[in-house]
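Residue numbers (the numbering used here), protein chains in the order written: chain A, 4 to 422; chain B, 4 to 422; chain C, 4 to 422; chain D, 4 to 422.
Since the structure comes first, as structure tokens, the remarks are kept for the end.
See the structure below:
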């Protein structure tokens with residue numbers, strides 16, 4: 004069984020290797036194809052991964068290639084973790100909005116909007132390659148913004164795609180940690196979009212969380228108000244800070260000397276130095292600082308459930324298909340699903356908290372416009388997306404911002420600059 | 004046939020008298036009850052109205068009363084035009100938000116939120132009186148915020164209610180004026196909420212408006228960008244300036260020396276001086292400055308269609324009932340309807356412009372929370388409403404703002420201050 | 004303004020001429036094109052119509068042609084009233100099912116199923132001609148089965164189409180007649196399909212019908228049980244006898260010596276003899292026996308409303324578009340609409356009687372399958388349609404019946420017999 | 004952990020004991036309460052069950068009682084398997100319709116209609132007892148008609164209820180048997196109602212069944228046409244013979260000397276003779292002839308998944324909740340679900356075969372009317388249910404039939420005979 008990692012030059016790759024070693028009994032991978040268009044980064048990562056796999060006793064063939072079709076061919080799972088334009092572009096995504104008094108936010112904000120426009124054409128290429136070279140394979144995507152990307156993949160292709168984020172399963176992890184219960188015993192309805200979700204109707208082995216327990220759990224999420232969580236009766240995604248505390252967050256960001264992209268850029272320099280050091284066969288300390296967010300756990304959970312046909316409750320980004328009535332059937336939402344070999348299907352849910360469906364609708368509307376704009380390269384559709392993003396919400400501002408960002412991303416947006 | 008005007012001490016009352024005189028053949032009113040709790044204003048207005056009716060040759064019995072039940076009894080149409088707390092409160096509605104860097108806006112903004120909380124209990128009293136004293140009568144409401152008020156009336160009472168605003172029919176008037184066609188021949192789908200609507204799919208006697216014509220028409224609306232109108236393919240409500248040009252509008256408001264409420268307050272002093280002048284039997288010049296927005300035309304059009312059982316296309320605030328799939332069935336929307344004696348029914352519509360359903364959902368969610376809060380007096384529901392208003396959109400800000408506004412409106416919100 | 008009548012060799016044509024004369028002030032037709040592929044019938048009818056128009060003082064150019072494109076060109080309204088295969092085929096439609104112990108029923112039964120398969124290809128030709136020769140024209144269809152035909156026209160073409168039947172407005176006529184009120188003052192919600200509808204929520208100038216009045220009205224419909232009407236709280240389409248009293252009806256049909264088609268065939272012989280008699284310039288008595296069902300009234304009401312842009316409540320077959328939630332949006336239903344120049348739009352309705360949505364769903368499912376089968380010529384789709392028709396409801400029976408009927412209609416179903 | 008069996012005097016009880024012995028590791032039951040109102044049957048069954056449990060080495064306390072509250076108290080799972088009126092009533096259910104030329108069918112036919120009316124009041128008593136004595140317990144219902152019964156339980160109570168039938172999981176068993184694959188690896192979407200379902204979109208470990216395989220599998224179901232199965236692309240419930248082959252089935256039933264109820268009645272005499280024989284500690288041969296339909300497997304699968312919080316794909320009767328758009332949200336359907344400790348939730352499904360949604364809607368409409376009639380005792384609602392049942396479909400027939408059946412069931416329908 005072959006897995007391919009697209010964008011394997013990412014510093015996240017070793018984390019996935021580590022996880023695959025850990026669960027090799029349940030997911031008997033025999034070949035891993037590491038693919039990247041940046042051969043230098045790829046060389047560094049694959050060199051390290053080979054040493055690391057050996058150390059972890061993961062007996063698997065590690066192939067390194069810059070040829071997408073070669074990587075995809077014969078794979079059961081294709082895992083893209085690409086970053087078009089690299090961290091340089093990310094820094095623009097964060098700083099251009101900030102220069103206009105807006106939060107950039109590289110996934111759910113205007114920064115994520117630009118990232119989507121850059122990334123989606125590359126994802127479409129991967130989907131095309133899958134159609135030709137591995138039509139029965141699953142894409143296990145954790146490239147961001149995963150919600151908008153999977154919107155495109157579901158609307159414009161027919162590949163099988165699991166669009167993941169640890170943010171969906173995190174409420175279970177938090178409850179588990181704070182209340183000392185088994186994470187598997189924590190279930191909930193979850194409503195919203197990637198990096199913008201609300202877990203509600205939370206149960207532990209079938210019994211509802213008490214208000215006191217919810218308060219305890221909510222207090223553990225330090226980016227959003229626990230008081231607000233309790234009022235809504237939910238666990239909030241940490242990313243909701245950009246909506247519910249936008250003024251405070253904006254002031255904080257305006258004070259920071261370096262954007263998150265700039266910090267990561269420096270971090271990565273150190274990490275790659277370590278990767279290139281042939282003496283390192285174990286995870287270097289520089290990598291530990293980077294953090295991984297649990298992506299590898301989620302990705303391998305999903306692959307394992309599909310591979311072994313194990314019925315598994317999970318949280319994935321999937322087309323809504325009627326679960327939330329005020330969203331179109333094809334709107335990709337982050338919600339609870341049943342996974343097994345036959346695919347990923349949302350399970351029905353209680354109605355979401357009465358205060359939040361409107362916000363989610365507004366962001367989803369923005370996401371669907373962005374998805375369409377990314378595929379068509381239509382200026383007006385993109386502008387309407389940004390205009391209706393709740394963190395922008397002003398036509399004049401959106402237009403000025405979009406024009407600036409277009410200019411800064413000129414090299415990565417051929418569709419928008421075609422004659 | 005009797006009509007009662009509740010809040011008849013309003014300076015709008017003479018406009019309605021004028022209109023009733025104009026259409027007396029089609030709407031044979033025999034008695035008008037002018038009711039207000041402010042006997043001084045009522046006396047001034049009813050005094051003037053009697054002289055004015057005579058001058059207009061409107062032979063009708065004009066009754067003046069401070070007793071709601073008396074006014075309502077035996078009426079076919081009850082027309083509330085109340086302003087709880089008067090213009091003093093309106094000034095607060097505008098200025099408190101502005102002091103925190105937010106647009107107040109007395110109908111669609113946080114100002115309208117407070118107006119709704121103050122006004123709805125009084126509207127419920129009128130509905131109660133109708134149930135007892137005139138169960139078959141129609142309420143013809145043009146008290147603002149009419150959308151939220153009719154949300155409450157539809158959700159919590161079973162009176163017959165037509166919630167009007169000239170903003171719904173204005174696109175026809177504008178097309179008529181700009182293109183020199185008959186307003187009756189202009190039809191459209193219209194999507195949105197009161198003071199927040201989009202007219203689209205516009206036709207003149209069945210043929211679609213050209214892009215050139217749309218541009219010409221849109222250029223005539225000076226508060227919102229014609230360019231944006233054309234990109235969306237719609238005529239925008241002028242109130243959408245608060246959403247699409249919020250930064251510019253905010254700056255303008257911050258520069259103004261007097262809020263609109265303060266201007267109106269002064270204007271009204273002059274008007275009432277004129278009303279009290281027994282020599283005036285015709286509309287005083289002071290009143291002409293006040294403007295009426297075409298309310299009386301819309302109100303009498305609707306009453307005439309109901310009274311005569313004339314099938315009539317119109318735009319009214321009504322429960323959605325499936326016309327727009329992403330809104331709840333009971334969500335009151337401002338949309339195209341068929342009116343006749345059997346009632347007011349929305350007609351189905353083409354899907355609205357793809358860029359705007361999210362914004363409308365978010366505002367409608369806010370409106371429905373506000374409606375519930377106004378009836379229950381629940382602090383948290385009200386706070387969640389304000390938090391999710393797109394012009395606020397921040398929990399910390401919403402809380403601070405709500406607490407300030409509650410304090411300023413203490414005398415008008417018994418439900419929120421009950422033990 | 005030109006109107007064309009397709010299938011003008013029908014004995015219904017004079018009735019339409021008569022009506023057009025009656026309303027010539029409101030619908031100023033200058034040219035009527037009479038088109039038929041049967042030149043002999045056409046000659047007879049057009050000869051008579053010229054004499055008749057003269058007598059009625061209808062000053063209009065009457066053109067007679069066998070060329071579809073010529074008839075359609077320049078028309079504002081195209082009125083098809085075709086009968087593919089003529090009354091001979093109708094007799095088969097009635098008698099083949101009866102020979103197997105089933106009600107044939109030429110519109111809502113298995114007979115109507117075969118009529119749909121024969122008729123739809125011809126209707127598609129008319130639609131094609133309209134697209135080429137009169138793209139802005141309206142088709143005013145009263146060819147049966149009008150529900151299935153308009154399902155096809157809405158699903159497979161984009162012509163403007165009003166699919167009419169007097170059955171939709173008949174409840175108003177009956178209430179008017181029985182209770183002595185103005186038909187225009189009778190309004191209702193109406194749910195169902197052509198020849199299979201339920202009028203409910205009936206009002207006279209806004210006030211509800213009493214149970215006593217309903218009983219009186221229902222007793223006037225002699226084909227269906229008044230007791231059942233009252234239990235359901237509706238006025239039932241007379242065609243519902245085939246569902247609610249099927250055993251009695253079947254026995255009655257089995258006893259009749261001649262089928263309705265055979266009776267009509269004989270009647271028409273006499274009528275055409277009269278048409279061909281140059282001395283007749285007025286409606287011959289033979290024609291009066293034929294009956295017309297009020298089609299011409301409905302057709303001209305609709306044309307007048309469109310032509311003059313008069314807002315008019317009516318009942319037409321239109322895509323459901325969300326009015327009845329348990330039917331697909333594109334499912335054509337017979338329901339209340341608003342008509343004016345901008346088109347025909349269903350108005351929303353109260354939920355239908357709780358006992359009948361399932362039956363309507365089952366018949367609509369059959370209709371949609373029949374529509375698809377008629378366009379594609381797919382044997383299995385047609386067989387599944389007939390199998391799931393509630394008056395058949397048996398796979399073995401459906402198969403035997405369909406094979407017999409296919410054989411009998413071989414000359415009219417090229418799509419089903421293509422290699 | 005305690006389980007109670009209500010109606011334990013049924014000959015099915017030993018099968019459940021046997022299964023509980025088999026899975027005792029996974030479902031550690033410590034006490035089983037056998038409850039019945041018929042103390043004689045209860046004595047026979049519980050006597051045998053004690054001997055049988057001992058033989059199977061199931062170390063559990065077996066309590067025997069005629070007191071419902073006592074049985075329910077402290078139970079984790081309550082398993083009703085009641086038959087109100089016994090087999091005598093069943094014989095009426097089958098024979099009265101047959102005497103009028105209709106299929107009786109004790110679950111999906113008019114027979115099932117009467118069984119529902121008799122059974123539902125008793126089920127409501129059990130639900131009441133659960134509310135008082137075991138509010139957190141699950142009802143595991145396999146009393147028929149389980150679809151209508153669970154419709155009532157979901158609409159009128161808030162107990163937790165799993166309404167089961169082996170018919171939902173049977174397609175997996177058949178595919179497993181015919182194609183030699185693991186039943187757990189067979190997944191599908193399933194649409195319909197209890198004893199009236201269609202399994203489609205069938206996969207084996209994620210790959211679709213070929214047409215050839217489907218044909219092979221369908222040929223194994225001997226009650227319905229394999230040809231029809233293949234045309235629809237589904238595995239049909241065997242009970243669909245009453246719809247798709249109703250004429251053949253009717254003739255067959257009319258020829259049979261004894262109804263199924265009469266056969267069972269005789270069989271049971273023999274079985275109870277064996278139960279009462281203290282020498283039998285193993286399943287007597289008479290019992291083997293009775294058949295059990297796999298109920299015990301399904302019941303224990305579900306209890307195990309809930310008890311152990313094991314995510315499990317299954318097929319259960321649950322409120323639709325948006326999965327099938329043309330059915331109301333509260334309509335109970337038999338469909339694929341995810342079960343774990345937090346409950347039973349339908350998973351979303353591909354649209355069902357295009358030919359069958361209408362039939363299911365019609366039967367569901369009948370079921371919902373029957374549910375309401377059973378709870379209210381309203382004659383008209385019951386009559387409308389029977390009138391719209393596709394196997395009746397005639398008002399005159401329904402009325403005659405209902406009156407006969409009411410008379411025959413007088414002793415069991417107090418709600419219908421109350422003054």
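Backbone N, C-alpha and C fix where the C-beta goes; we use that ideal spot for every residue, glycine too.
Same chain, Cβ closer than 6 Å to residue i, five either side skipped, listed in chain order
i, result
"residue 380 of chain A", "418 and 419"
"residue 232 of chain D", "221 and 239"
is_contact[residue i, chain B] using C-beta, thresh 8 Å
i, result
"residue 188 of chain C", "yes"
"residue 167 of chain A", "no"
Closer than 7 Å: residue i CB and nearest the ligand PLP heavy atom
i, result
"residue 136 of chain C", "The ligand PLP is not among the ligands present in this structure, which contains no ligands whatsoever."
Opening and closing residue of the alpha helix (DSSP H) in which residue i lies
i, result
"residue 100 of chain D", "89-102"
"residue 309 of chain C", "298-311"
"residue 201 of chain B", "First-last for residue 201 of chain B: 199-207, but that is the beta strand (DSSP E), not the alpha helix (DSSP H)."
Nonlocal neighbours in the same chain, by C-beta distance under 8 Å from residue i, ignoring five residues either side
i, result
"residue 94 of chain D", "262, 264, 265 and 268"
Pair within 8 Å by beta-carbon distance, residue i and residue j
i, j, result
"residue 160 of chain A", "residue 83 of chain A", "no"
"residue 319 of chain A", "residue 350 of chain A", "no"
"residue 209 of chain D", "residue 224 of chain D", "no"
"residue 358 of chain B", "residue 391 of chain A", "yes"
"residue 247 of chain C", "residue 397 of chain D", "yes"
"residue 59 of chain B", "residue 24 of chain B", "yes"
Start-to-end residues for the beta strand (DSSP E) that takes in residue i
i, result
"residue 5 of chain C", "5-9"
"residue 317 of chain C", "315-322"
"residue 78 of chain C", "78-83"
Sequence-distant residues of the same chain with beta carbon closer than 7 Å to residue i, five excluded per side
i, result
"residue 121 of chain D", "87, 88, 92, 412, 415 and 416"
"residue 329 of chain C", "360 and 364"
Cutoff 8 Å: residue i Cβ touching any chain A Cβ
i, result
"residue 279 of chain D", "no"
"residue 158 of chain B", "no"
Contact with chain C by residue i, beta-carbon distance below 8 Å
i, result
"residue 393 of chain D", "yes"
Under 7 Å (Cβ pairs) to chain D, residues found in the segment 304-334 of chain A:
312, 314, 315, 316, 324, 325, 326 and 328
Give, in chain order, every residue of the segment 201-234 of chain C whose Cβ lies closer than 7 Å to some Cβ of chain D.
228, 231 and 234
With 7 Å as the limit, tell me which residues of the segment 401-414 of chain A have their beta carbon closer than that to any beta carbon of chain B; keep them in chain order.
none
Name, going along the chain, the residues of the segment 102-117 of chain A whose beta-carbon falls closer than 7 Å to a beta-carbon of chain B.
none
Residues from the segment 341-366 of chain D in contact with chain A, defined by Cβ distance under 8 Å:
341, 343, 344, 345, 346, 348, 349, 350, 351 and 352
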